[in-house]
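The block underneath contains the structure these notes are about, expressed in structure tokens.
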Amino acid sequence: MLPVLIVFVAGISLGTLFYTSALYELTDAPYALVMPGALIQKTFLGASLWGVIICLGIWLGYSRVAAALQRKRFAQVRRGDGWSFLPFVSPLIIFLVAQGIKRPEVLIYLQHGVVLSLGLFFALKVLLWRDVSEAKRKINWGQASPWILAAMAVIFTATFSLLGTLQYRALNVPYGDSGYFEEQLWRTIHGEFLVQSMHKDIFLGKHIQLVHLLLLPIYVIFPHLLTLVVLQNLAVAAGAIAVYLLARNKLKSPGVGLAFAFAYFLYPPLQIANQDMALNIFRPILFAVPFLLFAFYFLERKRLGLFFLFAFLTLITKEEFGLILAFMGIYIFLARRKKRLGASVFGLGVIWFLVAFFLVIPYFHQAAAGAKQVSHVVTYYEDFGQDWEEVKETVLTRPLFVLCAGLSLHARWHQKD
Numbered sequence: 001m002l003p004v005l006i007v008f009v010a011g012i013s014l015g016t017l018f019y020t021s022a023l024y025e026l027t028d029a030p031y032a033l034v035m036p037g038a039l040i041q042k043t044f045l046g047a048s049l050w051g052v053i054i055c056l057g058i059w060l061g062y063s064r065v066a067a068a069l070q071r072k073r074f075a076q077v078r079r080g081d082g083w084s085f086l087p088f089v090s091p092l093i094i095f096l097v098a099q100g101i102k103r104p105e106v107l108i109y110l111q112h113g114v115v116l117s118l119g120l121f122f123a124l125k126v127l128l129w130r131d132v133s134e135a136k137r138k139i140n141w142g143q144a145s146p147w148i149l150a151a152m153a154v155i156f157t158a159t160f161s162l163l164g165t166l167q168y169r170a171l172n173v174p175y176g177d178s179g180y181f182e183e184q185l186w187r188t189i190h191g192e193f194l195v196q197s198m199h200k201d202i203f204l205g206k207h208i209q210l211v212h213l214l215l216l217p218i219y220v221i222f223p224h225l226l227t228l229v230v231l232q233n234l235a236v237a238a239g240a241i242a243v244y245l246l247a248r249n250k251l252k253s254p255g256v257g258l259a260f261a262f263a264y265f266l267y268p269p270l271q272i273a274n275q276d277m278a279l280n281i282f283r284p285i286l287f288a289v290p291f292l293l294f295a296f297y298f299l300e301r302k303r304l305g306l307f308f309l310f311a312f313l314t315l316i317t318k319e320e321f322g323l324i325l326a327f328m329g330i331y332i333f334l335a336r337r338k339k340r341l342g343a344s345v346f347g348l349g350v351i352w353f354l355v356a357f358f359l360v361i362p363y364f365h366q367a368a369a370g371a372k373q374v375s376h377v378v379t380y381y382e383d384f385g386q387d388w389e390e391v392k393e394t395v396l397t398r399p400l401f402v403l404c405a406g407l408s409l410h411a412r413w414h415q416k417d
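So the sequence shown is numbered by this note's numbering: it starts at 1 and just counts up by one.
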């Protein structure tokens with residue numbers, strides 16, 4: 001019973017840590033105690049619930065894997081592993097002390113508490129193996145890999161769903177992009193297909209993004225932005241399955257496959273894109289990550305039906321992915337020596353991009369605004385011309401200028417913003 005209590009309190013403590021770090025910077029901790037009490041209570045309770053779920057998932061998942069590998073009873077390993085969560089009580093203690101003595105600057109020590117807690121946590125995990133014989137330490141990666149991969153996916157999904165939930169409850173989510181993507185779904189189920197109030201027109205005049213329509217069956221039952229956040233995190237986590245399978249099959253090692261999957265979860269650009277630099281908590285473009293990975297996996301397995309299915313799902317994620325698919329066609333043509341398939345994939349990608357960019361988007365864009373430009377995207381290249389004809393002429397006649405501008409474009413765009 002005591003290990004269960006420890007894990008439960010550790011979950012509350014972990015939720016407190018997420019709550020504290022999500023609502024304000026630790027260096028600005030004094031502002032935490034002047035927030036409205038109702039907001040603190042609601043956000044804190046929500047964070048604690050997620051923290052308990054994460055800790056319970058880690059506890060049961062790790063204990064199950066450790067029991068299988070050590071050939072011990074699950075209950076025995078579970079009791080021992082429960083104690084490893086004891087260090088995670090420290091953030092809760094620090095938080096309560098700060099509240100009790102009315103000295104919020106004490107929360108600065110949360111940073112030190114987290115480092116010490118993580119170190120002790122992993123040390124106690126390792127101690128679980130101290131009485132395991134050398135023969136039993138030889139891990140059967142083929143048997144353990146699905147459990148470990150599932151545990152990593154659960155932790156990733158729960159962590160980023162929690163961060164998105166806290167950000168939402170802290171009233172720190174902008175209307176664009178997260179808000180208007182949910183609005184499109186809400187209006188669609190109420191008879192206005194992909195309409196958004198920001199531009200007062202159908203979204204197809206801006207981008208060809210249809211992938212979030214696949215979420216409608218679940219959104220109809222749970223119509224909330226956080227529903228979309230959880231589904232997005234599940235989709236991104238599923239991409240690790242494709243990474244694991246690709247690495248395992250190519251390198252003939254389940255253990256190496258797990259290492260690649262672990263690197264996928266820890267890849268900073270993926271995490272930043274998933275949270276969109278802590279601004280947008282839901283963006284359908286993220287679904288392209290698992291779709292592309294599974295398309296590549298099924299290509300390697302020579303299952304062309306499933307390859308084209310995931311290639312199509314990638315295309316409806318956003319119009320520019322037609323170019324990505326085109327380059328995949330070049331890879332198939334040159335590296336895999338499958339000329340007919342490579343040419344077909346290349347043609348599909350190019351045609352999709354051209355039709356979307358120069359026919360579909362202009363049609364809806366001009367119909368809504370009466371504008372002459374084919375797309376609002378042309379404004380991103382106003383240094384090269386006022387319309388696509390001028391842009392094309394600049395690219396063809398002044399390539400050195402375009403190259404120099406491209407190398408400094410990121411900084412220039414940020415100056416405009």
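Ideal Cβ positions, reconstructed from N, Cα and C, are used throughout, including at glycine.
Excluding sequence positions up to five away, which residues of its chain have a Cβ less than 8 Å from the Cβ of residue i?
{"i": "Phe384", "result": "Glu390, Val391, Thr394, Val395, Val402 and Ala405"}
{"i": "Gln271", "result": "Phe160"}
{"i": "Ala242", "result": "Pro290, Leu293, Phe294, Phe296 and Tyr297"}
Please classify residue i as buried or exposed, where buried requires at least 16 other C-beta atoms within 10 Å of its C-beta.
{"i": "Asn274", "result": "buried"}
{"i": "Pro252", "result": "Pro is not the amino acid found at residue 252; the sequence shown has Lys there. Counting Cβ neighbours within 10 Å, Lys252 comes out exposed, since fewer than 16 surround it."}
{"i": "Glu182", "result": "buried"}
{"i": "Arg248", "result": "buried"}
Please report the straight-line C-alpha distance between residue i and residue j, rounded to a whole angstrom.
{"i": "Phe307", "j": "Ala75", "result": "43 Å"}
{"i": "Leu194", "j": "Gly57", "result": "37 Å"}
{"i": "Trp147", "j": "Leu304", "result": "29 Å"}
{"i": "Gly15", "j": "Trp186", "result": "31 Å"}
{"i": "Phe291", "j": "Gly239", "result": "8 Å"}
{"i": "Leu124", "j": "His224", "result": "40 Å"}
{"i": "Met35", "j": "Arg169", "result": "Because the pLDDT at Met35 is just 43, under 50, the model does not fix this residue reliably, and the value given afterwards should be weighed accordingly. Met35 and Arg169: Cα-Cα distance of roughly 13 Å."}
{"i": "Gly322", "j": "Pro3", "result": "52 Å"}
{"i": "Leu116", "j": "Thr188", "result": "49 Å"}
{"i": "Phe121", "j": "Ile221", "result": "39 Å"}
{"i": "Gly329", "j": "Val350", "result": "10 Å"}
{"i": "Leu210", "j": "Thr317", "result": "6 Å"}
{"i": "Pro174", "j": "Ala68", "result": "46 Å"}
{"i": "Gln17", "j": "Ile208", "result": "As written in the sequence, residue 17 is Leu, which differs from the Gln given in the question. Roughly 39 Å separates the two Cα atoms."}
{"i": "Leu118", "j": "Ile53", "result": "18 Å"}
{"i": "Ser145", "j": "Glu319", "result": "36 Å"}
Against chain B, does residue i count as a neighbour if the rule is that its beta carbon must be under 7 Å from one of theirs?
{"i": "Arg398", "result": "Among the chains in the structure shown there is no chain B, since it carries only a single protein chain."}
May I ask you to report which of helix, strand or coil DSSP gives residue i?
{"i": "Val97", "result": "helix"}
{"i": "Asp201", "result": "strand"}
{"i": "Gln498", "result": "Residue 498 is absent from the model: the chain starts at 1 and stops at 417."}
{"i": "Val173", "result": "coil"}
{"i": "Gln196", "result": "strand"}
{"i": "Ser253", "result": "coil"}
{"i": "Gly191", "result": "coil"}
{"i": "His365", "result": "helix"}
{"i": "Phe294", "result": "helix"}
{"i": "Met152", "result": "helix"}
{"i": "Leu210", "result": "coil"}
{"i": "Arg73", "result": "coil"}
{"i": "Arg398", "result": "coil"}
Excluding five sequence neighbours on each side, which residues of the same chain lie with their C-beta closer than 6 Å to the C-beta of residue i?
{"i": "Arg78", "result": "Ser63"}
{"i": "Gln184", "result": "Leu194, Gln196 and Phe203"}
{"i": "Ser48", "result": "Ile12 and Gly15"}
{"i": "Thr421", "result": "Any answer about residue 421 is impossible in this case: the structure gives the chain only from 1 up to 417."}
Which runs of the beta strand (DSSP E) fall wholly inside the region 307-348 and span at least 3 residues, in chain order? none
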